[in-house]
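Undergrad:
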Amino acid sequence: MWVNKLIVFLLVAVFLITSVQNSAFAREIVVDANNSSADFRSIQEAVSNSSSGDVIFVYSGFYNESVDIGVQNISILSESENPEDTTVRAFKLGENNITVSGFSVQESLTLQGYILPIGYNSHSPIESCTIKSNILESDIYADECYNSTIEKNVIVNGGIGVSSFDYHPGSSFTVSDNLIVEGNINVHQGPNDCILLNNTLLNGSIRLTECADQKVLGNYISNSPDSGINLWESSGSEIEDNTIVNCSKGIVMEYRSQQNTINNNTLIGTDRGISVEGISGGDLISNNKISSSNIGILLSGSSLFGDPAGENSLLNNTISNNNIGILFEGYSSDNIVTNNKVELNRQCGIYINNLGCGAQYGATNQFYNNMFNNTVNFFNDTSNYKNDYTSIYTCNSYTAQPIDNVTGVIPISLNTTKTSDTNIVGGPCLGGNYWAKPDGTGFSQICADSDGNGIGDLPYNITDNDTDYFPLVSASRSQESIIPIANFSTNITHTLVPLAVQFTDLSQNAVAWNWDFDSNGIPDSINQNPVHTYTALGTYIVNLTVSNGKEISSKSLEMDVQEAKVPPVADFSTNVTGGRVSLSVKFTDFSKNATAVIWDFNNDGIPDSTERNPVYVYTYPGNYTVNLTVNNTKGMDSKSSTVTVSPAQRLEGKLVLTEYQITTSKSDETQPAIYEDRIVWQSSHNENYTLHLYNIFTSSETSTISINNSIYSDVFPAIYNDRVVLREYGNIYLLNLSTSTKTLVSNQLGIYPAIYGDKIVWQGECSGDCIYMYDISSSKQIRVTDNRSIIPYLPAIHENRIVWESRLNVNESSKIFMYDLSTERVTQVITDKSNQERPAVYGDRIVWEDYRNGNLNIYMYDLSTAKEIQITTSGSAHDPAIYGDRIVWQDDRNDKEYIENSDIYMYDLSTKKETQITTSGLASSPVIYGDKIVWEDRRNGKADIYMCIISEQGKGSPDASFSASSVS
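Take the sequence shown: its position 387, counted from the start at 1, is 386 in numbering that gives the first Met the number 0, and no numbers get skipped.
#1: Could you say if the region 427–446 and the region 502–518 meet the contact criterion of at least three C-beta pairs nearer than 8 Å?
#2: Per DSSP, which residues does G309 bridge with? Please list them.
#3: Can you look up P497 in the DSSP assignment and give me helix, strand or coil?
#4: Report yes or no: do three or more beta-carbon pairs, one from the region 942–949 and one from the region 656–667, lie closer than 8 Å?
#5: If I'm right that I243 touches I261 with Cβ under 8 Å, what's the distance once you round it to whole angstroms?
#6: As a quick exercise: from N364, G953, F816 and D774, pick the residue whose alpha carbon is nearest that of K653.
#7: Can you list, in chain order, the residues of its chain with a C-beta nearer than 8 Å to that of V580? Leave out the 5 residues immediately preceding and following it.
#8: What are the complete beta strand (DSSP E) segments, minimum 3 residues, inside the region 605–684?
#9: Can you find the residues in the same chain that come closer than 8 Å, C-beta to C-beta, to N95, ignoring five residues on each side of it along the sequence?
#10: Which partner residues of E764 appear in the DSSP bridge assignment?
#11: Please report how far the alpha carbon of I706 lies from the alpha carbon of V496, in whole angstroms.
#12: Can you list, in chain order, the residues of its chain with a C-beta nearer than 7 Å to that of S702? Leave out the 5 residues immediately preceding and following it.
#13: What are the start and end residues of each continuous alpha helix (DSSP H) run of 4 or more residues lying completely inside the region 724–767, in chain order?
#14: To which residues of the same chain is S924 closer than 8 Å at the C-beta, ignoring the five residues directly before and after it?
#15: To the nearest angstrom, how far is the alpha carbon of E951 from that of L650?
#16: Bridge partners for C193 per DSSP, in chain order?
#17: Is the beta carbon of M370 sitting closer than 8 Å to the one on I335?
#18: If you follow the alpha helix (DSSP H) that A593 is part of, which residue opens it and which one closes it?
#19: Looking at the secondary structure, which residues open and close the alpha helix (DSSP H) in which F102 lies?
#20: Are the beta-carbon atoms belonging to L413 and D465 less than 8 Å from one another?
#21: If you draw a straight line from the C-alpha of I296 to the C-alpha of G430, how long is it?
#22: Anyone know if the C-beta pair for W434 and P458 falls short of 8 Å?
#23: Have a look at S256 and S279 and give me their C-alpha separation to the nearest angstrom.
#24: Near Q365, what residues of its chain come up, given a Cβ to Cβ distance below 6 Å and the 5 sequence neighbours on each side ignored?
#25: DSSP three-state label for D721, please.
#26: Let's test the definition: count the other Cβ atoms within 10 Å of the Cβ of T85 and tell me whether it reaches 16, buried, or not, exposed.
#27: Out of D463, N432 and T462, which has the shortest C-alpha to C-alpha gap to G453?
#28: Per DSSP, T109 forms a beta bridge with which residues?
#29: Give a yes or no on whether the C-beta atoms belonging to L498 and V560 are separated by under 8 Å.
#30: Could you tell me the distance, in whole angstroms, from the CA atom of Y539 to the CA atom of Y330?
#31: For the beta strand (DSSP E) containing E44, name the first residue and the last one.
#32: Closest by CA to T573, which one among P567, D438, M558 and F589?
#33: Helix or strand or just coil, what does DSSP make of S950?
#34: Enumerate, from N- to C-terminal direction, the unbroken alpha helix (DSSP H) stretches of 4 or more residues contained entirely within the region 41–86.
#35: Counting C-beta neighbours from all protein chains within 10 Å, is the total for D599 16 or more, i.e. buried, or is it exposed?
#36: When you compare each of I525, V724, D456 and V341 to S291 by their alpha carbons, which one comes out closest?
The structure is reproduced here in structure tokens:
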């Protein structure tokens with residue numbers, strides 16, 4: 000027994016001695032670059048000679064070193080605690096329990112867990128590190144790092160990145176109280192309990208990608224060109240108490256972002272305050288305040304996969320002074336909207352823009368116990384239930400699916416079961432919604448409540464399909480102030496049979512209408528503003544009776560319907576006989592004895608209008624014959640006239656810009672490419688894709704080719720001479736226009752093909768993605784990129800040069816690379832740390848979009864002079880293309896009132912002048928060849944192809960009589 004006691008005593012003694020020794024060995028190490036008597040003059044030397052528990056104090060000065068910290072449990076602190084006087088080039092942390100505080104860091108500060116060699120799938124993380132009170136001119140990256148803190152730092156032109164690819168239960172990470180200017184906080188597969196708390200981001204955003212159970216709390220985010228907070232395939236997160244101001248989008252949940260809580264956030268001045276988009280749902284959106292935005296809350300289900308934005312709960316939000324309060328579009332179903340205040344929104348409170356879909360996606364959207372106070376409270380656009388469409392509010396495209404539930408209508412319910420409970424306006428019952436208008440004429444402000452239960456005496460029939468059966472009424476409202484007064488007007492210009500009359504209600508304080516058109520005592524219509532046609536001679540007494548649910552009021556009018564004595568005589572005038580597109584023409588009918596008029600504005604035999612005095616807008620150049628046909632019971636007559644419409648033309652300095660609309664079909668026409676006088680593009684309809692070819696010289700479409708892309712969607716056509724490259728069913732093909740043959744270039748999956756001469760390049764699959772090139776003349780394929788590139792993207796080619804964007808590290812920004820076919824060498828075009836994307840090349844010149852200093856601009860590098868030039872300063876320029884001295888791009892500089900606005904601009908290197916090419920505000924995807932610029936434009940509600948020809952005044956301006964033929 001005494002032996003065991005002795006062993007225990009010795010073990011305790013050894014432990015105590017070891018603890019005392021470790022404490023005694025912990026040192027305070029001094030680093031001073033300007034003092035030779037300091038322990039060390041280099042931080043790296045001090046780290047390399049330190050041990051666990053040491054504290055390294057760094058005196059003020061400039062330390063031009065990248066410090067690699069491979070010793071655990073040490074602290075590196077600036078002695079002055081003032082980062083402005085202690086500057087270090089960079090830090091890299093590779094061990095546990097390290098603190099770095101009080102420095103100005105010129106380059107990146109990285110926390111990097113050990114990554115096992117390529118071929119292994121696991122990592123050895125680091126943890127318990129602290130980065131605080133530093134000033135950085137670049138990014139902080141934390142990769143495979145857990146239970147650590149990044150706090151109270153100032154980061155300019157950089158951000159914070161947290162990423163992980165291994166699952167570590169119980170781990171956490173805190174990013175708090177940082178000021179970030181021109182940068183983002185990105186969390187990619189981060190620790191499960193990652194907390195982003197009280198950070199301020201100016202011109203930046205917070206992004207969660209493939210994350211779960213994150214907390215984004217109390218952050219202030221302003222002026223982001225993208226989302227304030229973005230979730231991509233991220234679930235179970237809490238987004239609470241954040242303020243987002245003047246960002247393009249507020250809080251966005253995309254692609255399988257589900258079961259998130261979005262609570263008590265303030266969003267001001269965004270395009271979309273809170274949006275749930277595509278295959279996302281089950282989110283709780285509550286107690287948020289959204290104002291001064293285009294759309295308050297958007298639910299936009301995916302039409303590509305048939306997955307709805309569904310099972311979301313919108314509770315207790317205040318949505319006011321926006322353009323649209325709440326917008327449901329695409330496949331948005333099975334959502335609950337209750338206890339919200341939706342007030343003073345300009346266009347409407349609730350906009351339903353859903354699409355026809357199968358029964359499995361048709362669960363009811365329920366609205367109850369909300370307060371609506373807008374001029375238009377509810378609009379259900381049922382025109383989309385059987386048709387594809389592109390949203391004019393978000394530019395999202397939706398494709399109708401086969402109808403399995405007959406109508407394809409996603410059901411709407413505007414009330415719940417009537418129960419006893421306090422409602423949103425203080426009444427004693429729950430039921431439907433409170434329907435007010437700012438001018439005091441809303442249904443709930445007028446409808447009587449005889450029994451005082453807070454439910455109106457009448458149901459509120461908004462449309463034939465949408466009824467609130469238990470509309471709420473304010474319990475405190477005086478019943479004496481809402482007596483109805485009946486009144487109406489008609490549009491009668493003649494009294495000949497058949498007589499179609501539009502009745503317009505002018506009543507006051509009415510919520511129900513009862514029309515009797517023939518004085519027989521039988522109600523003929525309960526619509527507010529009906530149309531009735533009298534087909535027989537006679538004198539009729541029209542009676543309108545209106546009600547507020549309790550009192551009624553009536554008004555009558557006598558109608559004397561007569562028969563025509565002679566045939567009609569057609570006659571009309573126009574306010575103009577010609578002009579440039581878009582040309583608005585007002586037609587005034589001067590016909591005699593006509594009971595009906597039919598207008599054909601383009602002589603195609605299809606009636607365009609039956610209005611007496613219509614206005615028609617010509618959006619396409621050409622000579623149009625206008626025909627008016629009139630009739631009565633004695634006969635008919637016609638008259639024709641001609642309207643000449645010229646291409647749109649605009650003067651910009653000495654330049655003449657002549658614009659042509661190439662397509663007018665009902666499909667989306669996108670992704671144009673041009674070579675000499677040939678334009679190619681793709682169209683899509685019901686997920687069927689077609690390649691189109693157009694000859695500018697002959698002003699006609701030369702051919703259309705169906706593409707089998709039902710799974711892989713876009714065609715991505717490119718053209719050189721009589722050769723077109725495209726993607727079909729995921730593979731790259733070459734189409735020879737002269738021989739009408741199509742050849743498989745590569746049986747790998749590929750995307751983004753480009754062509755110049757005999758060379759075809761594309762992005763294809765390898766162990767990841769690679770850039771490939773195929774030589775048509777030699778039938779040989781080579782791989783251009785090596786294993787160093789991560790996701791090379793968007794290749795372009797001109798002469799012997801291939802350019803693309805790529806990353807060398809998963810945490811780095813994209814850079815522009817070039818491969819020279821003559822030297823077979825890959826080079827990085829520039830080394831700036833900014834994010835560089837979408838390169839284009841012409842000769843010695845390479846252009847790209849550059850997210851430098853938090854602004855998106857176009858830059859150019861001239862290989863012949865080795866000089867870089869900043870082309871734009873708008874901060875919103877992207878998607879460049881180049882030909883010779885001319886560079887074109889898409890620019891969003893004219894965004895107004897939080898509505899996206901994009902136009903095409905051009906810069907001429909020879910004159911150093913910028914020119915705005917389009918003014919539609921909906922132009923994108925520009926390409927250029929010589930004096931021709933082609934783009935896609937959504938000014939007509941869906942995408943069309945447009946072209947601008949540039950000339951100089953007095954030097955062969957394009958013939959104004961040119962007209963492009965309509966493309967079907």
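Note that beta-carbon positions come from the ideal geometry of N, C-alpha and C, so glycine has one too.
Quick caveat, the model's predicted, so the values are computed rather than measured.
TA: By the coordinates alone:
#1: Counting C-beta pairs with one atom in each stretch, the region 427–446 and the region 502–518 have three or more that are closer than 8 Å, which means they touch.
#2: As a working mapping, residue 309 is identified with position 310 in the sequence shown. G309 is bridged to G280.
#3: Within the sequence shown, the letter at position 498 stands for residue 497. The answer is coil: DSSP assigns P497 none of H, G, I, E or B.
#4: Two segments are said to touch when three or more pairs of C-beta atoms, one from each, lie closer than 8 Å; by this definition the region 942–949 touches the region 656–667.
#5: For the purposes of this step, residue 243 is taken as the residue at position 244 of the sequence shown. For the purposes of this step, residue 261 is taken as the residue at position 262 of the sequence shown. Your pair I243 and I261 does not check out as a contact, with CB atoms roughly 11 Å apart and the cut at 8 Å.
#6: For the purposes of this step, residue 653 is taken as the residue at position 654 of the sequence shown. For K653, the closest C-alpha among the options N364, G953, F816 and D774 is that of G953.
#7: By 1-based counting over the sequence shown, the position of residue 580 is 581. Y617, T618, Y619, P620, V644, S645, P646, A647, E658 and Q660.
#8: Taking 3 residues as the minimum length, the beta strand (DSSP E) runs contained wholly in the region 605–684 are 614–617, 621–631, 634–645, 647–651, 654–660, 667–674 and 677–684, in order along the chain.
#9: The residue given as residue 95 occupies position 96 in the sequence shown. Cβ neighbours of N95 beyond the five flanking positions: Q71, N72, I125, E126, S127 and C128.
#10: Residue 764 sits at position 765 when you count from the first residue of the sequence shown. Partner(s): D768.
#11: For the purposes of this step, residue 706 is taken as residue 707 along the sequence shown, with counting starting at 1. For the purposes of this step, residue 496 is taken as residue 497 along the sequence shown, with counting starting at 1. In this structure, the CA atom of I706 is about 54 Å from the CA atom of V496.
#12: Position 703 of the sequence shown, counting from 1, holds the residue named residue 702. Within the same chain, S702 has close Cβ partners L692.
#13: Along the length of the region 724–767, whole alpha helix (DSSP H) runs at least 4 residues long do not occur.
#14: On the sequence shown, position 925 is the one that residue 924 refers to. Short of 8 Å from the beta carbon of S924, and not among the five residues preceding or following it, lie these beta carbons of its own chain, in chain order: T669, Q670, P671, D878, Q889, W934 and E935.
#15: Counted from its first residue, the sequence shown places residue 951 at position 952. Counted from its first residue, the sequence shown places residue 650 at position 651. Distance between the alpha carbons of E951 and L650 is about 9 Å.
#16: Here residue 193 refers to the residue found at position 194 of the sequence shown. The secondary-structure analysis by DSSP pairs C193 across a beta bridge with F172.
#17: Counting from one through the sequence shown, the residue named residue 370 turns up at place 371. Counting from one through the sequence shown, the residue named residue 335 turns up at place 336. It is not a contact, given that the beta carbons lie outside the stated cut-off.
#18: Here the question's residue 593 lines up with position 594 in the sequence shown. Careful: A593 lies outside any alpha helix (DSSP H) and carries neither H nor E.
#19: What you label residue 102 is simply residue 103 of the sequence shown in a count that begins at 1. Premise fails: F102 is in no alpha helix (DSSP H) and is neither H nor E.
#20: For the purposes of this step, residue 413 is taken as residue 414 along the sequence shown, with counting starting at 1. For the purposes of this step, residue 465 is taken as residue 466 along the sequence shown, with counting starting at 1. Yes, these two residues count as a Cβ contact at 8 Å.
#21: Within the sequence shown, the letter at position 297 stands for residue 296. Within the sequence shown, the letter at position 431 stands for residue 430. Cα-Cα distance, rounded: 23 Å.
#22: For this step, residue 434 is matched to residue 435 along the sequence shown. For this step, residue 458 is matched to residue 459 along the sequence shown. Taking C-beta atoms as the reference points, W434 and P458 fail to come closer than 8 Å.
#23: Within the sequence shown, the letter at position 257 stands for residue 256. Within the sequence shown, the letter at position 280 stands for residue 279. Their Cα atoms are separated by approximately 5 Å.
#24: As a working note, residue 365 is residue 366 in the sequence shown. Result list for Q365: I335 and S412, in chain order.
#25: Counting from one through the sequence shown, the residue named residue 721 turns up at place 722. Collapsing the DSSP output to three states places D721 in coil.
#26: As a first step, residue 85 must be located in the sequence shown, where it is residue number 86. So T85 ends up on the buried side.
#27: Locating residue 453 in the sequence shown gives position 454, counting from the first residue. If we check each option's Cα against that of G453, N432 comes out closest.
#28: Counting from one through the sequence shown, the residue named residue 109 turns up at place 110. DSSP output for T109 lists K91 and Y140 as bridge partner(s).
#29: As a position in the sequence shown, residue 498 is number 499, starting the count at 1. As a position in the sequence shown, residue 560 is number 561, starting the count at 1. Going by C-beta atoms, L498 is nearer than 8 Å to V560.
#30: Counting from 1 along the sequence shown, the entry for residue 539 is found at position 540. Counting from 1 along the sequence shown, the entry for residue 330 is found at position 331. Y539 and Y330: Cα-Cα distance of roughly 48 Å.
#31: Taking the first residue of the sequence shown as position 1, residue 44 is located at position 45. For E44, there is no enclosing beta strand (DSSP E); the residue is part of the alpha helix (DSSP H) that begins and ends at I42 to S47.
#32: Here the question's residue 573 lines up with position 574 in the sequence shown. Ranked by Cα distance from T573, the first of P567, D438, M558 and F589 is F589.
#33: To locate residue 950, count along the sequence shown from 1; it is residue 951. For S950, the secondary structure class from DSSP, reduced to helix, strand or coil, is strand.
#34: Counting only unbroken stretches of 4 or more residues, the alpha helix (DSSP H) elements lying wholly within the region 41–86 are 42–47, in sequence order.
#35: Stepping through the sequence shown from its first residue, residue 599 is reached at position 600. When all chains shown are included, D599 counts as buried.
#36: One-based indexing of the sequence shown puts residue 291 at position 292. The shortest C-alpha separation from S291 is found at V341.
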